[in-house]
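Let me begin by presenting the structure, written as C-alpha cells, before commenting on it.
Number of protein chains: 2
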Amino acid sequence: MFRALAKASAALGPGAAGRVQTMANHQLVVAPPEALRKPFSIPDRLLLGPGPSNLAPRVQAAGGLQMIGHMHREMLQIMDEIKHGLQYVFQTRNRLTLAVSGSGHSAMETALFNLLEPGDSFLVGVNGMWGQRAADIGARIGARVHSMVKEPGDYYTLQDVEEGLAQHKPVLLFLTHGESSSGVLQPLDGYGELCHRYQCLLLVDSVASLGGAPIYMDQQGIDVLYSGSQKVLNSPPGTSPISFSDKAKQKIYARKTKPFSFSMDMKWIANFWGCDDQPRIYHHTTPVIGLYSLRESLALLVEKGLEESWRQHREATAYLHQRLQELGLQLFVKDPAIRLPTVTTVAVPAGYDWRDIVGYMLDRFGIEITGGLGPSLGKVLRIGLLGCNATRENVDQLAAALKETLQHCPQNKL
Amino acid sequence: MFRALAKASAALGPGAAGRVQTMANHQLVVAPPEALRKPFSIPDRLLLGPGPSNLAPRVQAAGGLQMIGHMHREMLQIMDEIKHGLQYVFQTRNRLTLAVSGSGHSAMETALFNLLEPGDSFLVGVNGMWGQRAADIGARIGARVHSMVKEPGDYYTLQDVEEGLAQHKPVLLFLTHGESSSGVLQPLDGYGELCHRYQCLLLVDSVASLGGAPIYMDQQGIDVLYSGSQKVLNSPPGTSPISFSDKAKQKIYARKTKPFSFSMDMKWIANFWGCDDQPRIYHHTTPVIGLYSLRESLALLVEKGLEESWRQHREATAYLHQRLQELGLQLFVKDPAIRLPTVTTVAVPAGYDWRDIVGYMLDRFGIEITGGLGPSLGKVLRIGLLGCNATRENVDQLAAALKETLQHCPQNKL
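In order, the protein sequences belong to chains A and B.
Those letters in the first sequence? Residues 70 to 483, per my numbering, in order.
Those letters in the second sequence? Residues 70 to 483, per my numbering, in order.
In C-alpha cells, the structure reads:
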C-alpha cells in the first residue's frame, strides 16, 4: 500500500474539463506514524507557573462531556450563563460581554482589530511582554503606535498617562493590569476618567489578574477588558473573556473600514453571542467543550465570591513571598503595593542559570515554575498561584522543592 | 455587599500621579448570577448535521484529562505526533504541517492572512458558503478578489479554473473540496498542476471532507490544505489541521509585509510547532486539552486506516441516499459523481418549512440535522455522517425518525 509512487498521478489536462474526471491512480505514500499507536498518557504536574494553571476538578469533569451543537438552545443558554458570569467577574453591566474563541492573545487582537483603524493613534504602556505585543499588533494593522516604554517591574502613573494622552491624542490606550512577565499590578483608579477627558478609550489586559486582584470595569471606566481562561479561572486555554463599554461599542459600530479579520469581527461575534437585537447568525463553530469548562469555572467563582477569591490570592501570595524571602530570594518588584497577587517574580539568584532551576523543579518534583518572558527573560523566575492552586499547601510544597533545587543546582555557573 | 454605588469611585486626578494611589472605595455592584448556581448538565444528542459530530469515546476521554504546560516536553511530543498524524491524513511530506488554534474559519483566515498581501490577485470558487467567506476575508485584507460564482450544487471544471487563471493571473486559487453548504465534492485531480502552470498556488478547504473522501495533498499538487477537528475527526471544535507546500512556504517567507494578525502569523506558529530549525519561542498558549483530543482522533484514524475510513463513509452515505430516496426525498446534488460522502444535502420536500423538520427531529428524537447555510439556506436539509457517526445503525435511526417527522410536520405551510 505504501509503494513508491511511479507516475500514479497522470493529471488530466484542461482537455478533460467540462466533465467530472476519473480519479487518477493515487496511492497512500505517507505511512501512518507508529507513535500514534502508543496509548496516550500525560504526567501529573503541579502548574505553578504564570499559567496555564491546573484545572479545577469540576472544570476538568466538564471537559470530559459529550458534544452538543454550537447553536442548540442548551448551548445558547450556556453562553448566556457565561455572559452573566463574566459581567459579575468583570463587575460590568455591559451587554457586549462574551468569550472569544481563542487564547488571551486572540482576545488582545480582537480588541485591537475592532477598536483601531489604519491611521488611528494608539498609546501603549510597554512595561513588559504584553505591551510589546499590543504595540506589534497595532503596527501590523496600520495604527500610529506610540509606546511608553518602561523597565519591567515599573508601572504607569496617572501623570505618565496624561503626558502621553496630551502628546499623542490617541483614540486608545493599552495598559496591562497584571503584567505576568514582570509581576506588576498596574493601578487602575482614575485612568478611565483621565482617558475619557482626552476622548481616548481605555483597553486593559487582565489575563493574569482577573479573579485574583480587584477590578471594577464600570466603576473604573475601563472601555475594553479582556482576560484568559487558563489562569485564575482554572479552565483550559482556548476561551477568553472580553467586554466592551458603550463608548467602545459605538466606536466599533461607527468604523469606516471592516476589521481585517472576519473571525474576530466583533459585530458578527456580538450577534452570535446574542449581544444585539438581531436573530443569531452562524459565525464560526465555537469551542463547545471549552465553553462547558469556562461555564464551570465561572460557577466556581460565583460560589466562592469575588472578594473571597481576591482574599485567597492575596494571602497565599503574601505567604509565598514570606517563604521565598526565607530562602534568601529577592522579590523582583520592589514596591509591595504593585506586586501582582497572582504571579510573583523573583530575581534569578546570583550565580544560577534559571534554566537549571526550572528544569530541576519540573523533572524532580513535577512542579512547573518558569523563567522570564520577553523583557524579563533571564532576569526572573515566575511563580503563579492561580485559582485553586493558590493554597498554603502548594506554597509549602513549592518552597521545600525550591530549597532542594537551589542546593542541587550548580551555582556560579554564569 | 451589593448596595447601589454612591460616589464610591472618587477617582483621583492627575495630582495623585507619581505615587501609587490608594484604592478608591469600590463595591461589588453586579451580583453573581443565580443561573450559575444550578448544576451543569447537557442533553444526549446524536449529531447528524454537517458538524460538529459526536466525540469518539477515546477523544471524549482525552478531553477529561488534567492540564500540562503548553511547552512541556510531553506537550511538544503530542504536537509532533499530531503533525505526523496530519501528514498521514493529508498524505503529505510537508514539514510545515500543524494544527491552528481555532475553528476551520481561523484556519481559512490563517491561510489567507499569510498567503495574500494587499493588492494580490485572488481567485475564488464561490459555489457555496465557504467560497463566500474566503472572498470576504480576501477583500478585508486588500486582495483583488475575483469570484467565480456558481450555483450551490455545482463545481469547478479544469476549464472553468483555467479561464479564471488566464483572465485574472491570481497568486492564489481557493477551492472547497467538501462544500458542506451544498453537499458537493469538488474534484481535485489536475488542478494543482494547472495552477502551477499559471504561477498560482492552490488552496483547498477540506473541513467537511478530510478523512471521509480521498485527498492526496502532495500527489494532487495542493499548496495549502486545511480542515477542522469537529467533522470526521470527531474531536471538539477549536483545533484545525493545516499544511503548506514548499512553494507556499516560500511565498510566506518572501512576504514584503507582515500579516495583519500576530496570532495567525505562520512564521511564528511554524516555529512554535517545531517546523523550522530554530529553538521554539513562545507564541501563544495553545488549547492543550483540545490538542489531547486531536491526538486521539488521529490515533483512531491511524488505527482504522484512511482507505477504510473512506470506504466507511462512502458506504454509509450510499445507504443514507437509498433510505432518503425510499422516503420520496430528492438529493440536492444531481450528479452522483460529485456528491460529498460526508454531508448529504436533500431538497426541502415540497410544502414543508425546513425549520419544522429540523426542530421536530431535535425535540422529539434528539437527532440533529440542519437546514442550508448561506446560498443553500431554505433550499436544503443537511445530514452528516461523520467519522464514528457514519454507521448503518445511525442511518436506520435517522430514516425512521425522519419518516415520522415528515408525517407529523405541517405540509403545504409555505
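All C-beta atoms, glycine included, are put in the ideal place defined by N, C-alpha and C.
- In terms of beta-carbon proximity, B:PHE109 lines the interface with chain A, with at least one pair separated by less than 8 Å.
- Distance between B:HIS95 and A:PRO283, taken at the CA atoms: about 9 Å.
- With a beta-carbon spacing of about 7 Å, B:MET148 and B:GLY343 fall inside the 8 Å limit used to define contacts.
- Every unbroken stretch of the alpha helix (DSSP H) spanning 4 or more residues and falling wholly within the stretch 318-398 of chain B is given here in chain order: 335-341, 357-373 and 375-395.
- Counting only Cβ-Cβ distances below 8 Å, B:LEU450 has no contacts in chain A at all, with the closest Cβ about 15 Å away.
- Distances from the alpha-carbon of B:ARG213 to those of B:GLN476, B:ASP189 and B:GLY118 put B:ASP189 closest.
- The residue from B:THR166, B:HIS174, B:ASN458 and B:SER445 with its alpha-carbon nearest to that of B:ALA204 is B:HIS174.
- With distances taken between CA atoms, A:PRO356 lies nearest to A:SER298 out of A:VAL417, A:VAL293, A:SER298 and A:SER312.
- Using a Cβ distance threshold of 8 Å, A:TYR225 and A:GLN255 count as a contacting pair.
- One thing to note: A:LEU105 has its Cβ within 8 Å of the Cβ of B:GLY154.
- For a Cβ distance threshold of 7 Å, residue set ARG209 of chain B lies close to A:LYS327, ordered along the chain.
- Relative to the Cα of A:ILE438, the nearest Cα in the group A:PRO126, A:ARG114, A:LEU97 and A:THR245 belongs to A:ARG114.
- Unbroken beta strand (DSSP E) runs of no fewer than 3 residues, entirely contained in the stretch 411-440 of chain A, are found at 412-416, following chain order.
- Taking one beta carbon from each stretch, the stretch 256-270 of chain A and the stretch 226-241 of chain A have 3 or more pairs nearer than 8 Å; the two touch.
- Proximity to B:SER445 across B:LEU272, B:GLY197, B:SER330 and B:LYS327 peaks at B:GLY197, based on C-alpha coordinates.
- DSSP, read as helix, strand or coil, puts B:GLY307 in coil.
- DSSP places A:PRO444 in the helix class (H, G or I) of the three-state scheme.
- By the rule that beta-carbons nearer than 8 Å mark a contact, B:PHE331 touches chain A.
- B:LEU450 is positioned such that its CB atom lies closer than 8 Å to that of B:TRP423.
- Non-local beta-carbon contacts of A:VAL240 in its own chain, meaning distances under 8 Å to residues more than five positions away in sequence, involve LEU184, LEU185, ASP189, SER190, PHE191, GLN268, CYS269, LEU270 and LYS320 in chain order.
- In the DSSP assignment, A:THR166 forms a beta bridge with A:SER312.
- B:ALA93 and A:GLY261 have their C-alpha atoms spaced approximately 13 Å apart.
- In the structure shown, B:ALA282 adopts extended strand secondary structure according to DSSP, grouped into three states.
- Interface criterion met: the Cβ of B:GLN160 is under 8 Å from a Cβ in chain A.
- About 26 Å separates the CB atoms of A:LEU117 and A:ASN481; that is not less than 8 Å, and the two are not in contact.
- Per DSSP, A:HIS95 lies in no alpha helix (DSSP H) and is assigned neither H nor E.
- Using a CB distance below 9 Å, the part of the stretch 333-354 of chain B facing chain A consists of MET333, ASP334, TYR351, HIS352, HIS353 and THR354, ordered along the chain.
- Contact of A:GLN156 with chain B by beta-carbon distance below 9 Å involves VAL99 and PRO102.
- The C-beta separation of A:GLY222 from A:VAL412 comes to about 13 Å, leaving the pair out of contact by the 8 Å criterion.
- For B:ASP274, the three-state secondary structure derived from DSSP is strand.
- Around the beta carbon of B:LEU302, 16 or more other beta carbons lie within 10 angstroms, which makes this residue buried.
- Residues GLN289 of the same chain have their beta carbon placed closer than 7 Å to that of A:ASP258, with the five preceding and five following residues left out of the count.
- It is roughly 30 Å from the alpha-carbon of A:SER250 to the alpha-carbon of B:GLY133.
- For A:PHE243, the uninterrupted beta strand (DSSP E) run begins and ends at 241-245, by DSSP.
- DSSP places B:GLU220 outside both helix and strand once states are collapsed to three, so it counts as coil.
- Contacts with chain A at 8 Å (Cβ-Cβ) do not include B:ASN183.
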